[in-house]
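Novice:
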Amino acid sequence: MYEGVVQDLIDELGRLPGIGPKSAQRIAFHLLTADPQEVSALATALAQIKDRVRFCQVCGNVAEDEQCRICQDPRRDSGVICVVEQSQDVAAIERTREFRGRYHVLGGAINPIGGVGPEDLSIRELLARLADGSVTEVIIATDPNLEGEATATYLARMLKDMDVRISRLASGLPVGGDLEYADEVTLGRAFEGRRRIQA
Ligand code: ZN
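Here our numbering is used: the first residue of the sequence shown is 505, the next is one more, and so on.
(1) Could you round the C-beta distance between D647 and D682 to whole angstroms and report it? I think they count as a contact, below 8 angstroms.
(2) Need the endpoints of the beta strand (DSSP E) that V620 sits in, please.
(3) Rounded to the nearest angstrom, how far is the Cβ of R672 from that of I701, given a contact under 8 angstroms?
(4) Report yes or no: do the segment 612-621 and the segment 640-655 share at least 3 C-beta pairs separated by less than 8 angstroms?
(5) Over what stretch of residues does the alpha helix (DSSP H) that includes C575 continue unbroken?
(6) Please tell me whether A538 and L513 are closer than 7 angstroms, where the distance is taken between their beta carbons.
(7) Helix, strand or coil, according to DSSP, for G524 in the structure here?
(8) Could you tell me which residues DSSP pairs with C586 in its beta bridges?
(9) According to DSSP, what are the bridge partners of N615?
(10) Going by other Cβ atoms of all chains shown within 10 Å of its Cβ, with 16 needed for buried, is Q561 buried or exposed?
(11) Taking the beta strand (DSSP E) that I670 belongs to, which residues open and close that run?
(12) Can you tell which of R599, R530 and L550 has its C-alpha closest to the C-alpha of Y685?
(13) So who's on the other strand from F559, going by DSSP bridges?
(14) Going by C-alpha distance, which of A632, A551, L625 and L546 is nearest A656?
(15) For the segment 636-646 against the segment 578-598, do three or more pairs of beta-carbon atoms, one drawn from each stretch, fall closer than 8 angstroms, so that the two count as touching?
(16) Identify whether D581 lies in helix, strand or coil by the three-state DSSP scheme.
(17) Is any heavy atom of ligand 1 found at a distance shorter than 6 angstroms from the C-beta of V587?
(18) Under 7 angstroms between the Cβ atoms of E602 and F695?
(19) Pull up the DSSP beta-bridge partners for R699, would you.
(20) Quick check on the contact list: which residues have their beta carbon closer than 5 angstroms to a heavy atom of ligand 1?
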């Protein structure tokens, strides 16, 4: 245990996901001895995320304006929507450079044990985006695990009467895994080999 602010910093860092007490201590001491400019850049970034970052009104991705960078980009194909669980998945798919359409971020996956139902996800917003018929393909890119599969099945059922092609990323992604951590080559291939699903 340390005194005052040093311990406060360790406690706050230790609350972050994936950071245990030892890492929290190591980061705190790194900051204590780091260049003041480096520390103030970090402090500024932390202060700004709550002020400046919000969620895109169209797709739910993280954004600094009302719409995210991708929704604002006229070069992106608005006829294809890739549905993902979270913003980190958008970043993972963008790294593959395989996809030139738009996204829809659900905000999670159906998980009855964790108390997450379809009404907790932005499915209604997705259906609203499809209402005018300008979208011709929906690619469901939820995680290849139980919750992701359940969500994909649910979405396919919801969309089956709409005039839209529905596809799911090809297998090859590690089953039970997390899209966010898939390597670019595997994820890129899964995209190319996406298969059409029939509900
Ligand atoms: Zn957006």
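Positions of the beta carbon are idealized from the N, C-alpha and C atoms, including for glycine. A quick note: this is a predicted structure, and the numbers were derived from the prediction, not measured.
Specialist: Reading it off the structure:
(1) 6 angstroms
(2) It is not in any beta strand (DSSP E) - V620 carries neither H nor E in the DSSP assignment.
(3) 5 angstroms
(4) yes
(5) R573 to Q576
(6) no
(7) coil
(8) Y607 and I643
(9) V620
(10) exposed
(11) R669 to R672
(12) R599
(13) V566
(14) L625
(15) yes
(16) strand
(17) no
(18) yes
(19) R672
(20) C560, V562, C563, N565, C572 and C575
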